[in-house]
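Working notes for the structure below.
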Amino acid sequence: MTQKQIFEHLSEIAQRSKDPRGAVSACLVKNNEVIASAASSDDGLRHAEEILLEIVRAENITITPEIILYSTLEPCTKRTNIELKDCTSLIIESGISKVVYGASDPDHSEINKRRFSERGISLEQVSNPLIIKRCAEIFNNSVADEFINTSVKLKPTE
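Position 69, counted from 1, in the sequence shown is what the working numbering calls 82; the numbers after and before it change by one each time, with no gaps.
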């Protein structure tokens, strides 16, 4: 699969989410094949990466160096609910060595770069501006009215 095909798949998966804080989807790719996918939960609490890594555990998927985590949004580095672990920590703990995301989240970018770099994890944004724009639209268009002022409005060009 190409990156374009992977993000088309993620776009389809994200459509399943009714996350009022903004729909996000994530998948694991091994040898150019999607092996697991997830969307953020409909309750606005559980992020796509968190759910994806639960699937990994439930299905006994072994994380190997060639597995890449793709996400429509850059992983979070903090949560509004302090009882929940942030996605960056969950990814680091999982052993994943490469993360590719669509839209960047300005609230998390600098911290993410530092934390992943310190652990030797590759973090990169796709270079295709159409994919970035689509990922930002997926998130922005799904934020419920009551969260408009509390959610980040993603810029398609980031």
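Note that the Cβ used here is the ideal one computed from N, Cα and C, for glycine as well.
- For residue 135, the enclosing beta strand (DSSP E) covers residues 135–138.
- Straight-line measurement puts the Cα of residue 132 at about 22 angstroms from the Cα of residue 85.
- Judged by DSSP in its simplified three-state form, residue 84 adopts strand.
- Cβ-Cβ distances below 7 angstroms link residue 57 to 32, 33, 34 in the same chain, with the five nearest sequence neighbours on each side left out; the list follows chain order.
- In this structure the stretch 90–101 does not touch the stretch 67–74; the number of beta carbon pairs closer than 8 angstroms is below three.
- Here the alpha carbon of residue 138 sits roughly 15 angstroms from the alpha carbon of residue 124.
- Beyond the five residues adjoining it in sequence on each side, residue 64 comes within less than 6 angstroms, by CB distance, of 51 in the same chain, given in chain order.
- The closest CA to that of residue 105, considering only 38, 87, 117, 129, is found on 129.
- Rounded to whole angstroms, the separation of the alpha carbons of residue 111 and residue 126 is 12 angstroms.
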